[in-house]
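Line by line, the protein sequences are chains Z and B.
At position 58 of the first sequence the residue is numbered 58 (the UniProt record's numbering), and the sequence of numbers has no breaks.
At position 180 of the second sequence the residue is numbered 180 (the UniProt record's numbering), and the sequence of numbers has no breaks.
Ideal placement from N, C-alpha and C gives every residue a C-beta, glycine not left out.
Here the structure is a predicted model, which means the values were calculated and not measured.
Number of protein chains: 2
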Amino acid sequence: MASIKDVAKLAQVSVGSVSKYLNGGKLKEKTTIAIEQAIKDLNYEKNTYATGLRTNRTHTIALIIPTIWHPFFSELAFYIEAELRNYQSKLILCNTQNNYENEVAYISMARQNKVDGLIALTYSNVDEYISSEMPIVSIDRYFSEKIPTIMSDNFAGGGLAAEKLIQAGAKKLAFIGYGSIYDNSTRDRYRGFQAYCQTHGIESEIIYYEGRHHEFNEKLPELVQQIIINKAVNGIFVVNDEQAYEVLELLQKNKVRVPEDVQVIGFDGSQQSTNIPSSLSSIRQPIPAIAAAAVKCLINVIEKKEAPLKTILPVTYHPGATTKE
Amino acid sequence: MASIKDVAKLAQVSVGSVSKYLNGGKLKEKTTIAIEQAIKDLNYEKNTYATGLRTNRTHTIALIIPTIWHPFFSELAFYIEAELRNYQSKLILCNTQNNYENEVAYISMARQNKVDGLIALTYSNVDEYISSEMPIVSIDRYFSEKIPTIMSDNFAGGGLAAEKLIQAGAKKLAFIGYGSIYDNSTRDRYRGFQAYCQTHGIESEIIYYEGRHHEFNEKLPELVQQIIINKAVNGIFVVNDEQAYEVLELLQKNKVRVPEDVQVIGFDGSQQSTNIPSSLSSIRQPIPAIAAAAVKCLINVIEKKEAPLKTILPVTYHPGATTKE
DNA sequence: TTGTAAGCGTTATCAC
DNA sequence: GTGATAACGCTTACAA
């Protein structure tokens with residue numbers, strides 16, 4: 001592997017000049033040409049690690065998500081990676097699998113100088129590991145005053161779901177969902193939902209389980225029975241698409257027809273790039289916009305420029321086959 | 001950020017000793033304790049870039065795929081990333097978006113010392129960019145004698161699809177698919193299919209389009225009409241799940257009932273980690289095994305140990321709602 | 001405009 | 001066992 005020294009020698013100039021050339025400095029045309037020729041001849045490529053060691057900038061950022069194996073996160077990762085290319089930066093993928101140790105390990109990577117910064121989507125309490133030194137942007141979860149956060153307008157999304165269910169003829173509504181203690185975004189979903197119902201005098205149930213995914217899933221059959229049988233609910237807003245599919249299945253088991261008897265709206269609306277049919281009505285998060293905002297924000301933090309502490313992006317309603325009309 | 005020098009000074013030993021400690025060498029107990037204390041006090045972490053510069057090993061590998069925003073690739077990436085953790089290595093995610101320039105850019109990353117090796121899933125003709133110096137493992141595509149390849153048993157999968165269609169009562173079969181000129185894996189799918197049909201005296205049509213995704217998609221409506229209307233085919237094996245969904249949609253438009261009139265089997269069978277209902281019958285690739293084999297193989301190549309040049313892994317049939325019984 | 005040389009944080013090779 | 005020290009490939013003053 002050719003180094004900058006080899007280039008300098010072949011071009012008969014100094015390493016300083018080659019370095020200047022590589023970093024866009026001004027040189028005599030003759031020098032420039034000689035260097036370019038030498039680079040070509042030697043098939044020279046800059047060693048990232050030497051540069052990183054010297055400059056403390058690696059043009060690599062880490063994306064921390066629960067799992068890439070999920071339509072929402074894979075779409076998000078897709079757009080973030082694409083966006084990073086505009087900044088000549090690479091993406092290190094970190095699946096935490098909701099494992100606290102994994103999260104901490106990945107966050108400490110930043111301290112080892114492996115990455116310039118972090119984009120994190122986590123619901124664990126990792127605050128203490130996030131030093132204020134380290135450039136970080138959070139998606140969906142609000143950490144503290146100092147960490148810029150990008151999120152969808154969950155509150156408005158909740159309201160939109162209620163509105164659409166009512167417009168579609170539902171009379172009695174319910175929200176079903178869960179979230180961690182640190183998760184404000186899912187709370188905002190039902191708060192928006194609730195606010196809409198109160199303002200418009202609509203009967204509604206709120207079922208919010210504070211805890212983990214699988215615990216919630218265990219309770220779900222009972223909850224669904226409850227609101228359908230006992231409460232005569234005919235419009236359900238579910239905290240996310242994944243759980244909405246779960247609810248749909250349970251409704252089917254209970255011989256409830258969707259959308260004839262009960263209508264259902266989910267949240268996320270991440271699409272398959274493939275055309276796997278997605279029939280669920282959903283409140284769609286603006287994933288490309290989230291990705292763009294997160295990357296731009298992080299780059300600004302890294303370069304110590306101004307970055308907005310809170311970015312809230314509008315959601316849209318995406319009708320499917322689980323609502324009428 | 002504390003460096004090894006700071007640790008040495010605080011522990012009142014030399015940097016050499018600290019380095020030896022960090023890399024598992026033997027030291028007097030007293031020295032060890034002093035170093036451990038200093039590391040703790042200073043919150044010291046090794047600088048990856050200095051190590052990388054010195055050792056030419058970065059514990060980072062790049063995964064090159066068309067797009068992470070696809071169930072098959074996101075499942076693959078999930079398992080690869082998880083597997084890499086066993087080797088203390090990180091994953092850089094590279095979406096080529098089927099763009100040749102992107103692929104080349106990512107491959108050249110390896111030469112810049114940014115990654116120890118590459119796991120590539122690409123159908124472009126990037127051979128020339130892949131120097132023999134660089135550790136690389138290919139998934140699904142066979143490059144050359146020198147590059148280890150991991151693939152599913154596509155040939156057997158094709159045969160399995162034919163067998164299952166026949167078992168389910170189909171009488172006249174067809175294969176529909178496409179692939180790039182360099183793509184042998186999709187070819188093997190129909191070859192296995194064809195071989196089964198010939199061996200068992202089954203009437204079959206093979207439609208294989210050599211070219212790109214979107215071109216094939218344009219032709220698809222015509223092709224489907226052809227085999228349904230003119231050829232009276234009642235069992236279709238489609239080259240992958242994505243296209244199979246496309247075919248299902250076209251059948252529906254043509255008022256053909258699935259599976260009553262025509263049965264369909266896809267290929268890939270990647271599941272959603274979420275429970276989005278997947279109703280397509282499919283030949284499932286063993287994604288976790290592919291991931292494990294690819295990582296192990298790459299690590300061996302990097303460490304200049306023996307690695308198998310060809311690994312072929314068994315597929316399974318995953319019945320859904322698009323076949324009878 | 002160009003060259004020289006120090007130094008980034010490690011590892012590794014020597015002596016001691 | 002331990003301590004100096006050169007070297008990895010690059011950037012960046014500073015000198016020429």
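| Item | Value |
| --- | --- |
| Looking only at its chain, what residues have a beta carbon closer than 6 Å to the beta carbon of Tyr-209(Z), apart from the 5 residues adjacent to it on each side? | Tyr-178 and Phe-216 |
| Suppose the cutoff is 6 Å on Cβ atoms and the five residues either side in sequence are ignored; what does the same chain contact list for residue 326(Z) look like? | Within the shown structure, residues of chain Z are numbered from 1 to 325, placing residue 326(Z) beyond reach of any answer. |
| Any idea which residues DSSP pairs Leu-173(Z) with across the strands? | Ser-204(Z) and Gly-235(Z) |
| How should residue 392(B) be labelled, buried or exposed, when 16 other C-beta atoms within 10 angstroms of its C-beta is the threshold for buried? | Given a span of 1 to 325 for chain B in the structure shown, any question on residue 392(B) remains unanswerable. |
| Below 8 Å on the Cβ atoms is my guess for Tyr-57(B) versus Asp-140(B); work out the distance and round it to an integer in Å. | Strictly speaking, residue 57(B) in this sequence is Arg, with Tyr absent from that position. The Cβ separation is near 27 Å, so there is no contact. |
| For a contact defined as C-beta to C-beta under 7 Å, what are the partners of Tyr-138(Z) on chain B? | Residue identity check: residue 138(Z) is Ser in the sequence provided, not Tyr. What Ser-138(Z) touches in chain B: nothing, since even the nearest Cβ is about 20 Å away. |
| Can you tell me which residues form a DSSP beta bridge with Asp-116(Z)? | The partner list for Asp-116(Z) (beta bridge, DSSP) is empty, contrary to what the question assumes. |
| What is the DSSP secondary structure of Arg-141(B), reduced to helix, strand or coil? | coil |
| Do Met-151(B) and Ile-312(B) have their C-beta atoms within less than 8 Å of each other? | yes |
| Mind listing which residues of the stretch 90-115 of chain B have their C-beta closer than 7 Å to chain Z's C-betas, in chain order? | Lys-90, Leu-91, Ile-92, Leu-93, Asn-95, Ser-108, Arg-111, Gln-112, Asn-113 and Lys-114 |
| For chain B, find out if any of its Cβ atoms is closer than 8 Å to the Cβ of Gly-52(Z); answer yes or no. | yes |
| Taking the runs of the beta strand (DSSP E) that are 3 residues or longer, which of them lie wholly in the stretch 62-132 of chain B? | 90-95 and 117-120 |
| For Gly-179(Z), which beta-bridge partners are listed by DSSP? | Glu-210(Z) |
| Assess, as a yes-or-no matter, whether the stretch 312-325 of chain B is touched by the stretch 280-287 of chain B under the definition of 3 or more beta carbon pairs within less than 8 Å. | yes |
| Mind checking if Tyr-49(Z) is an interface residue toward chain B, Cβ cutoff 8 Å exclusive? | yes |
| Please state whether DSSP places Ile-147(Z) in a helix, a strand or coil. | coil |
| What's the gap between the Cα of Ile-65(B) and the Cα of Thr-199(B)? | 36 Å |
| Of all the options Ile-33(Z), Asp-241(Z) and Leu-250(Z), which has the alpha carbon lying nearest to the alpha carbon of Gln-226(Z)? | Leu-250(Z) |
| From the beta carbon of Glu-36(B), is the nearest beta carbon of chain Z less than 8 Å away? | no |
| Establish whether the CB of Ser-3(B) and some CB of chain Z are separated by less than 8 Å. | no |
| Could you pull the DSSP bridge partners for Phe-267(B) from this structure? | Ile-283(B) |
| Please check if any C-beta of chain B sits within less than 8 Å of the C-beta of Ser-282(Z). | no |
| I need the straight-line Cα distance from residue 326(Z) to Leu-309(Z), nearest angstrom please. | Nothing about residue 326(Z) can be reported from this structure: the residues present for chain Z run from 1 to 325 only. |
| If we count the other Cβ atoms within 10 Å of its Cβ and call it buried at 16 or more, is Ser-74(B) buried or exposed? | buried |
| Would you say Ser-273(Z) lies against chain B (beta-carbon separation less than 8 Å)? | Caution applies to Ser-273(Z), whose pLDDT of 49 falls short of 50 and renders its modelled position unreliable; the value that the coordinates give is listed next. It does: the Cβ of Ser-273(Z) has a partner Cβ on chain B nearer than 8 Å. |
| For Phe-78(B), decide whether its Cβ has a neighbour in chain Z, counting only Cβ atoms nearer than 8 Å. | yes |
| On the criterion of 16 or more Cβ atoms from any shown chain inside 10 Å, does Gly-266(B) qualify as buried, or is it exposed? | buried |
| At the level of alpha carbons, what is the spacing between Leu-32(B) and Leu-42(B)? | Rather than Leu, the amino acid found at residue 32(B) in this sequence is Thr. The alpha-carbon atoms of Thr-32(B) and Leu-42(B) are separated by roughly 15 Å. |
| For Thr-316(B), would you say it is in contact with chain Z, using Cβ-to-Cβ distances shorter than 8 Å as the test? | no |
| On the CB-based measure, 16 or more other CB atoms within 10 Å of its CB, does Gln-12(Z) come out buried or exposed? | exposed |
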